[in-house]
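Structure first, commentary second.
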Amino acid sequence: MVKKLLHTRYRVADLAKTVAFYKDVLGLEETGRHTSGRGSQLVFLKAPGSEELIELCKFDESGPVVVGPDLTHLAFEVDDLEAFAKHAASKGCPLSDGPHKTARSTIAFIDAPEGYEIEIIQYHR
Numbered sequence: 001m002v003k004k005l006l007h008t009r010y011r012v013a014d015l016a017k018t019v020a021f022y023k024d025v026l027g028l029e030e031t032g033r034h035t036s037g038r039g040s041q042l043v044f045l046k047a048p049g050s051e052e053l054i055e056l057c058k059f060d061e062s063g064p065v066v067v068g069p070d071l072t073h074l075a076f077e078v079d080d081l082e083a084f085a086k087h088a089a090s091k092g093c094p095l096s097d098g099p100h101k102t103a104r105s106t107i108a109f110i111d112a113p114e115g116y117e118i119e120i121i122q123y124h125r
């Protein structure tokens, strides 16, 4: 039996640009960086208040990175979606969809550099 989720991996073509997005736009912290035994360049990031990591992987030998539409996304909680949207737009990353209000939350989406979708959620308390 598994014990806990450790990390989620996303392969990217432009590691520097993608790491900058996760750090500067989303506010994640880089926790480690190394090259794997097969030559993959790996960067690990985490959100404040989370234990799980995001692993960004650059491995050109696997061919081009192709992100299918509506295939996968990461979801992050924010205290103030409107403030986040203004911050992201000031960094050149406007919301790509939303905001949409539900009974429990307001959600919106932003696109990471490689085309991966990021969901931003503000819960109503």
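Residue numbers (the working numbering): 1 to 125.
Where a beta carbon is used, it is the ideal one built from N, C-alpha and C, also for glycine.
Best match in the options for proximity to residue i [C-alpha to C-alpha]
i, options, result
"Leu15", "Gly92, Gln41 and Thr8", "Gln41"
"Glu52", "Ser36, Thr31 and Phe59", "Thr31"
"His34", "Lys23, Leu56 and Phe21", "Leu56"
Cα-Cα separation between residue i and residue j, rounded to whole angstroms
i, j, result
"Gly39", "Ala13", "14 angstroms"
"Ala83", "Gln122", "11 angstroms"
Proximity below 9 angstroms, CB of residue i to CB of residue j
i, j, result
"His73", "Glu119", "yes"
"Tyr25", "Leu45", "In the sequence as displayed, the identity of residue 25 is Val instead of Tyr. No, these two residues do not count as a Cβ contact at 9 angstroms."
Assigned exposure category for residue i - 16 Cβ within 10 Å defines buried
i, result
"Val210", "In the structure as shown, the chain begins at 1 and stops at 125. Residue 210 is therefore absent and cannot be evaluated."
"Val2", "exposed"
"Leu71", "exposed"
Any non-hydrogen atom of the ligand GTP closer than 8 angstroms to residue i Cβ
i, result
"Asp14", "Absence of the ligand GTP from the depicted structure is noted, as is the absence of any ligand whatsoever, leaving it without description."
Cut-off 7 angstroms between Cβ atoms - residues of its own chain near residue i, not counting five sequence neighbours on either side
i, result
"Ile110", "Ala88, Cys93, Leu95, Ser96, Ile118 and Ile120"
Cβ shell of residue i (< 8 angstroms), same chain only, five flanking positions each side left out
i, result
"Ser50", "none"
Other residues of its chain near residue i: CB distance less than 6 angstroms, five sequence neighbours each side excluded
i, result
"Glu77", "Ile121"
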